[in-house]
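Peer 1: Quick one: this structure, given as structure tokens, is what I'll be asking you about.
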Amino acid sequence: MYLPYPPPPLISLPLAWNTPPMGNQDEKKIIQLSDDDLISGGFLSDGASESVKQTIQAARANPKLLAGLTWFMLECQGLSDQKAFKSHTSAMKDVSTGFSVSSFVSVPHISDFERVHYWHGISIDPPELLYRSDLESNPYPVPLPGTRWHEVPVKTAEGVFETPLNAVWHIVAPAIIGILDKRNIKYSALKTARFSTRGEDRKKTLGPIVIWIATHPNTTGFESARDASPDILHILEEHKVEGAVVEWYEGSVEKLSGEPLFRITKKPNAPRQARRPLTVALGVPIATEEREHEDAQGTISFFFHENKFKNGQPSPRVLAVSNKHVLQADSTTDYQFAGGDAPRQHVRVCGARRFERFLDEARDLIAANVAEAVELAQDIVQLEEGLKIENLEETEDDEDDLGLAKGNLKRLEKENRELQALLTEDRWNDIARRTIGFVDWAPSISIGVDSRNYTRDIGTIELDPQRFKDNFIGNVVDLGNRFNSCQLNTMFYPGKTNPDGIKFNSSGLLAIRGVVEHKQMVTPRGVDENGVPVFIVGKDGNSTDFTVGRYSGLEAHLCDLSGKRSVEVAVYNYDKQSGNFSAKGDSGSLIFTGDGRMLAILHSGMGKGFSSHVSFSTPAW
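Counting in my numbering, the sequence shown runs from 1 upward without gaps.
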């Protein structure tokens, strides 16, 4: 399950922000500083970052090429190095204590190795196997004693489409729940999946249909899962679903809980990447004034324009949608803003933790640009020296390379100036100046709104027009720079089957238009390289940014410890390398298709530690 993040640390600003400015010290050029200046600033003292020292040396060796490097940029490089060092030492500590598997009580008939590694690949830290119905007929490959190397199968959780189960799941699922209730098994989630693996030839093998059951931790033993599985398989066989497997594990579902905002630029670069959390694109990270002390954060799902007030008069209001549990701590009562002078529950862009991350990421971008600029300066010097030696065959290529290097160096200088300006202005530092609106409507969380039992976890925010009107362009997702357009096309349409011919463009922006209707959710239009139906989706959230996942195809049934039950849309991680589809703080994120249709609104997930293997959401239709 998701564990809450530790309390956010106080925002650690660069040295120049913590001390009174000394002649605009941030803007001082490296080449104009003496050794005494650099030593007093901690850049040449004992224990200073080696990369910072190398940058100073390179700037002094190439003063014309690296004239734009500033005191502030050195600070960013030093802070980035410190963070990288802490991350490395923390990882080393984790490794040294990570082999405590033997401390767990061994489950009968399942080896420790299988229990821990059975779902290897579906997330960074997958759940542990409690029981599976094919233990005897399908033994798991376990390394023999003395084996020095053993390849663990890498699995990917995929959706279930175009199988006999799809037509009868609405009958089978309630029957399975009846068995669980009869046996007093406290399930937390009933889902379906198919797990794929790839061989040495990279060809994909898709496993059988899996009835994937999660039980609340410490409530269900091996024997209970084993004894219930034959009854579940019998129900499936009665409905002509052959060859399925029942797999069990433990897990709990948890909620993932001034100035105008920036416009969205169409040119992907470092400043745009840094500004993402402060733009008017979908996925705006939010936190409410009421819940600041809890560090509760979430994400905006989408925007809409209210056509008319209740009295029938035209309304100019633009509102945003998110989850009720993101906006208010009390999820059991209905809320409606009373209007007039009634107290307002303010909503901010970026809570404390997300704003600290914004600062860290921007500083890291500056540090990366500084390192690249140093390398380019050295390349330029070498190319210029080479051109002094006449060689007609190489001169033309060297001139092209020299022009390209100078152009890239100029680009990096421009990006770093923009990033430094972004970080040194103080208009975003005060959280009160990051207010973008107030809670307008937030009904209680409910699963009984209609007969379908989907979760209603929703609220609306009236937006401050001064924050949005100048740069607002509607419901547009900024896909970031993690994937280029070719990679996105391959991920969303893996079998090169794109029925509508829609392609992601190089701008990294995706306009949201329309909704995936209920009947369309069970009929995916894409297939993978083996012709197996797939339904690939994306989301952009506060914590994990833009990610890609696999829609499960069939509805998931959840039940909390108090017995409240709901039906949800389930999404699995894309693959082992993709990381978590969602994490705490992503609540409210819009889940969408590659052609820009709304599929669902994220509200919860299930995982182990900080790792997630399935996300739950309410359908957008």
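Don't be surprised by glycine CBs; every beta carbon is placed ideally from N, CA and C.
(1) Give the straight-line distance between the Cα atoms of residue 200 and residue 50, rounded to the nearest whole angstrom.
(2) For residue 220, count neighbouring C-beta atoms within 10 Å of its own C-beta (all shown protein chains included) and say buried if the count is 16 or more, exposed if not.
(3) Let's see if you can read the secondary structure: which residues bound the beta strand (DSSP E) around residue 608?
(4) Could you give the DSSP three-state label for residue 291: helix, strand or coil?
(5) Does residue 234 come out as helix, strand or coil in the three-state DSSP assignment?
(6) Exposed or buried, residue 97, counting other C-beta atoms within 10 Å across all chains shown (16 or more means buried)?
(7) Go ahead and pull the three-state DSSP assignment for residue 437.
(8) Measure from the alpha carbon of residue 532 to the alpha carbon of each residue in 432, 547, 553, 422, then state which is nearest.
(9) Quick check on residue 616: does DSSP put it in helix, strand or coil?
(10) So, is residue 624 buried or exposed, given that buried needs 16 or more other C-beta atoms within 10 angstroms?
(11) For the stretch 454–471 and the stretch 420–439, state whether three or more C-beta atom pairs, one from each stretch, are separated by less than 8 Å.
(12) According to DSSP, what are the bridge partners of residue 302?
(13) Report yes if the C-beta distance between residue 140 and residue 114 is below 8 Å; otherwise report no.
(14) To the nearest angstrom, report how far apart residue 297 and residue 382 are at their CA atoms.
(15) Just to confirm before moving on: does the CB-CB distance between residue 301 and residue 596 stay below 8 Å?
(16) Is residue 333 buried or exposed, if buried means 16 or more other CB atoms sit within 10 Å of its CB?
(17) Measuring only the C-alpha atoms, how far is residue 154 from residue 578?
(18) Alpha carbon to alpha carbon, how far is residue 331 from residue 409?
(19) Would you tell me roughly how many angstroms separate the C-alpha atoms of residue 124 and residue 574, rounded to the nearest one?
(20) Do you know how far the Cα of residue 546 is from the Cα of residue 226?
(21) What separation, rounded to the nearest whole angstrom, lies between the Cα atoms of residue 126 and residue 72?
(22) Have a look at residue 621 and residue 561 and give me their C-alpha separation to the nearest angstrom.
(23) Any Cβ of chain C within less than 8 Å of the Cβ of residue 460?
(24) Can you tell me where the alpha helix (DSSP H) holding residue 165 begins and where it ends?
(25) Please state the DSSP three-state secondary structure of residue 621.
(26) Kindly indicate which three-state DSSP category residue 556 falls into: helix, strand or coil?
(27) Residue 446 by DSSP, collapsed to three states: which one?
(28) Around the C-beta of residue 21, are 16 or more other C-beta atoms found within 10 angstroms, so that it is buried, or is it exposed?
(29) Count the other CB atoms, across all protein chains shown, that sit within 10 Å of the CB of residue 340; report buried if there are 16 or more and exposed otherwise.
(30) Is it true that the CB of residue 434 sits closer than 8 Å to the CB of residue 350?
(31) Per DSSP, which residues does residue 574 bridge with? Please list them.
(32) With distance defined between alpha-carbon atoms, name the residue in 320, 30, 292, 31 nearest to residue 468.
(33) Going straight from the alpha carbon of residue 283 to that of residue 540, what length do you get?
(34) Is residue 244 helix, strand or coil when you go by DSSP?
(35) Sort 66, 359, 372 by Cα distance to residue 420 and report the nearest one.
(36) Measuring straight from C-alpha to C-alpha, what distance separates residue 212 and residue 59?
Peer 2: Result, derived from the coordinates:
(1) On the sequence shown, residue 200 is found 200 positions in, with the first residue counted as 1. On the sequence shown, residue 50 is found 50 positions in, with the first residue counted as 1. Cα to Cα, residue 200 sits roughly 42 Å from residue 50.
(2) Taking the first residue of the sequence shown as 1, we reach residue 220 at position 220. It is buried - the Cβ of residue 220 has at least 16 other Cβ atoms within 10 Å.
(3) For the purposes of this step, residue 608 is identified with residue 608 of the sequence shown, where counting begins at 1. Its beta strand (DSSP E) spans residues 598–608.
(4) As a working note, residue 291 is residue 291 in the sequence shown. Three-state result, residue 291: coil.
(5) Taking the sequence shown and counting its residues from 1, the one referred to as residue 234 is at position 234. Helix.
(6) Residue mapping note: residue 97 aligns to position 97 of the sequence shown, counting from 1. Note on residue 97: pLDDT 27, under 50, position unreliable in the model; the coordinate value appears next. Of the other Cβ atoms in all chains shown, fewer than 16 fall within 10 Å of the Cβ of residue 97; this residue is therefore exposed.
(7) Numbered from 1 along the sequence shown, position 437 holds the residue referred to as residue 437. In the three-state scheme derived from DSSP, where H, G and I count as helix and E and B as strand, residue 437 is classed as strand.
(8) Start at 1 with the first residue of the sequence shown, and residue 532 comes out as number 532. For the residues 432, 547, 553, 422, the minimum Cα distance to residue 532 belongs to 553.
(9) Looking up residue 616 in the sequence shown gives position 616. Residue 616: strand per DSSP, three-state reduction.
(10) With the chain represented from 1 up to 621, any question about residue 624 goes unanswered, as that position is not in the structure.
(11) Result yes; three or more Cβ-Cβ pairs closer than 8 Å.
(12) Looking up residue 302 in the sequence shown gives position 302. Checking the DSSP bridge columns, you'll see residue 302 partnered with 321.
(13) Position 140 of the sequence shown holds residue 140. Position 114 of the sequence shown holds residue 114. It is a contact, given that the beta carbons lie within the stated cut-off.
(14) Taking the sequence shown and counting its residues from 1, the one referred to as residue 297 is at position 297. Taking the sequence shown and counting its residues from 1, the one referred to as residue 382 is at position 382. If I take the Cα positions, the gap works out to 50 Å.
(15) By one-based count along the sequence shown, residue 301 stands at place 301. By one-based count along the sequence shown, residue 596 stands at place 596. No, Cβ-Cβ distance for residue 301 and residue 596 is not below 8 Å.
(16) For the purposes of this step, residue 333 is taken as the residue at position 333 of the sequence shown. Exposed: under 16 other Cβ atoms inside 10 Å.
(17) Your numbering for residue 154 matches position 154 in the sequence shown. Your numbering for residue 578 matches position 578 in the sequence shown. About 13 Å.
(18) The residue given as residue 331 occupies position 331 in the sequence shown. The residue given as residue 409 occupies position 409 in the sequence shown. A direct Cα-to-Cα measurement between residue 331 and residue 409 gives close to 53 Å.
(19) Mapped onto the sequence shown, residue 124 falls at position 124. Mapped onto the sequence shown, residue 574 falls at position 574. Their Cα atoms are separated by approximately 12 Å.
(20) The residue you call residue 226 lines up with position 226 of the sequence shown. The residue you call residue 546 lines up with position 546 of the sequence shown. One C-alpha to the other measures close to 39 Å.
(21) Numbered from 1 along the sequence shown, position 126 holds the residue referred to as residue 126. Numbered from 1 along the sequence shown, position 72 holds the residue referred to as residue 72. Those two C-alpha atoms are separated by around 42 Å.
(22) For this step, residue 621 is matched to residue 621 along the sequence shown. For this step, residue 561 is matched to residue 561 along the sequence shown. Taking the Cα positions, residue 621 is about 28 Å away from residue 561.
(23) Among the protein chains of the structure shown there is no chain C, as only one such chain exists.
(24) Against the sequence shown, residue 165 aligns to sequence position 165. For residue 165, the enclosing alpha helix (DSSP H) has its first and last residue at 164–182.
(25) Taking the sequence shown and counting its residues from 1, one reaches residue 621 at position 621. Here residue 621 carries a coil assignment [DSSP, helix/strand/coil].
(26) Your numbering for residue 556 matches position 556 in the sequence shown. DSSP, reduced to helix, strand and coil, places residue 556 within a strand of the structure shown.
(27) Position 446 of the sequence shown, counting from 1, holds the residue named residue 446. In the three-state reduction of the DSSP assignment, residue 446 falls in the strand class.
(28) Reading the sequence shown from its first residue, position 21 is the one you call residue 21. Unreliable placement is indicated for residue 21, whose pLDDT of 39 sits below 50; no coordinate value is reported for it.
(29) Numbered from 1 along the sequence shown, position 340 holds the residue referred to as residue 340. Counting of Cβ neighbours within 10 angstroms places residue 340 among the exposed residues, the total staying below 16.
(30) As a first step, residue 350 is located in the sequence shown; it is residue number 350 there, counting from the start. As a first step, residue 434 is located in the sequence shown; it is residue number 434 there, counting from the start. In this structure, residue 434 lies closer than 8 Å to residue 350 by Cβ.
(31) For the purposes of this step, residue 574 is identified with residue 574 of the sequence shown, where counting begins at 1. Its beta-bridge partners do not exist; DSSP assigns none.
(32) Stepping through the sequence shown from its first residue, residue 468 is reached at position 468. With distances taken between CA atoms, residue 468 lies nearest to 320 out of 320, 30, 292, 31.
(33) Residue mapping note: residue 283 aligns to position 283 of the sequence shown, counting from 1. Residue mapping note: residue 540 aligns to position 540 of the sequence shown, counting from 1. Between residue 283 and residue 540, the C-alpha separation is close to 5 Å.
(34) On the sequence shown, position 244 is the one that residue 244 refers to. DSSP, read as helix, strand or coil, puts residue 244 in coil.
(35) Counted from its first residue, the sequence shown places residue 420 at position 420. For residue 420, the nearest C-alpha among the options comes from 359.
(36) In the sequence shown, residue 212 corresponds to position 212, counting from 1. In the sequence shown, residue 59 corresponds to position 59, counting from 1. Going by the C-alpha atoms only, they are around 59 Å apart.
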